[in-house]
Amino acid sequence: MLKHVRSVGAALILLCAGSAVQAEPTAQQLMERNFYISKISMLKSQTTMSLIAADGQKRERKMETLSKLQKNGIDSNLIVRFQYPADIKGTGFLEMERADADDDLWIYLPALQKVRRLISNNKKDSFMGSDFSYGEMLPPRVELYQHTLLRSETVENQDCYVIQSIPVSDKVRNDSGYSKKISWLRKDSALEAKVEYYDLEGQLLKVQWLRQPKLVEADKGRWLAQSREMTNVQTGHKTLFSLDVIDTKVSIADNVFSTRTLESR
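Just so we're aligned: the sequence shown equals residues -22 to -1, 1 to 243 in mature numbering (1 follows the signal peptide of the UniProt record, and there is no 0).
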């Protein structure tokens, strides 16, 4: 009898162990994975930004982007320079992430020949007239939100985890301009397939689709969406980012990410 009990007990232990191995990751783990897969060591890209009005009218802008992961392996530096059309050529944006403080953000407007520093509350502002905000140029820190795994779901033939993210404080809420986000993360890579953004009144404001995922650093598991489409569902306006050229083998000096570079280029 004792032998039988021991056998049943052993079987239960193995069953529980097997269940633990197969258990789904937590929302926190998934969002941390999502954060790090976009942390590409170095990247130079050429991007077309299309602004599409509700009536279908379209304007295009061209920009060059440089980004580099800082030595701590967490924060990134990013500099964007517009090249076309002529009326915004030379306009630039610089962001330097800070894991333990507010990020440093600056913009440069050639007409004023002046660099202006942005504050954290500016993160919710439109990025150069687009439907993206300054805060969406780089992924927000995971700990700034309370994450909940809602379900699994298929979107555009992609198996995804659906995660709700709510700001942990009024400051984060006000700086981002969102009361919550819902993200669809691809199960194969943890890269977003879709993100919904809700305004401070709890109403759906914007929907982003991320398409054409590309593994750009296989040894580190770093992914990049080559197409990002953001639609403001309240106005009908839409912005499309299309990566035309991607170079991850480029060498970028640390001093490139400075206000001097914004002014001099």
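Yeah, the Cβ is synthetic: ideal placement off N, Cα and C, and Gly gets one too.
Do we get a CB-CB distance below 8 Å when we pair residue i with the residues of chain D?
i: Asp166; result: Looking at the structure shown, chain D is missing, and only one protein chain is on hand.
Could you tell me which residues DSSP pairs with residue i in its beta bridges?
i: Lys216; result: Ile30 and Thr209
i: Thr170; result: Checking the sequence shown, residue 170 turns out to be Glu, not Thr. In DSSP, Glu170 forms a bridge with Leu163.
i: Gln142; result: Thr126 and Ile160
i: Asn55; result: Lys46 and Met74
i: Met41; result: Thr25 and Phe60
i: Val93; result: Tyr86
i: Ala196; result: Ala196 is not bridged to any residue.
i: Glu131; result: Cys138
i: Met20; result: Lys46
Identify, in the order they occur along the chain, each residue of the same chain with its Cβ nearer than 6 Å to the Cβ of residue i, setting aside the five sequence neighbours on each side.
i: Ile30; result: Lys36 and Lys216
i: Gln124; result: Ile144 and Val146
i: Arg206; result: Leu188 and Phe219
i: Ser161; result: Ile141, Glu170 and Val173
For residue i, which residues from the same chain have a beta carbon less than 8 Å from its beta carbon, with the 5 sequence-adjacent residues on both sides left out?
i: Val211; result: Leu182, Leu183, Lys184 and Val185
In angstroms, rounded to a whole number, what distance separates the CA positions of residue i and residue j?
i: Ile85; j: Leu96; result: 7 Å
i: Ser236; j: Phe71; result: 10 Å
i: Pro63; j: Asp53; result: 31 Å
i: Met208; j: Asp109; result: 6 Å
i: Tyr14; j: Arg129; result: 22 Å
i: Arg76; j: Glu195; result: 23 Å
i: Val58; j: Met41; result: 7 Å
i: Ser28; j: Pro3; result: 36 Å
i: Lys17; j: Leu169; result: 12 Å
i: Pro117; j: Leu221; result: 17 Å
Can you list, in chain order, the residues of its chain whose CB lies under 7 Å from that of residue i, leaving out five sequence neighbours each side?
i: Tyr112; result: Leu83, Leu96, Asn100, Lys101, Asp103 and Phe105
i: Val223; result: Ser23 and Gln24
i: Val234; result: Leu44 and Ile57
i: Leu122; result: Pro145, Val146 and Val150
i: Ser98; result: Asp80 and Asp153
Check your understanding: Are the segment 137 to 155 and the segment 198 to 207 touching, with three or more C-beta to C-beta distances below 8 Å?
Key -> Segment contact: the segment 137 to 155 against the segment 198 to 207, fewer than three CB-CB distances shorter than 8 Å; contact not assigned.
Check your understanding: At a cut of 8 Å, does the segment 187 to 196 reach the segment 140 to 155 through at least three beta carbon pairs?
Key -> no
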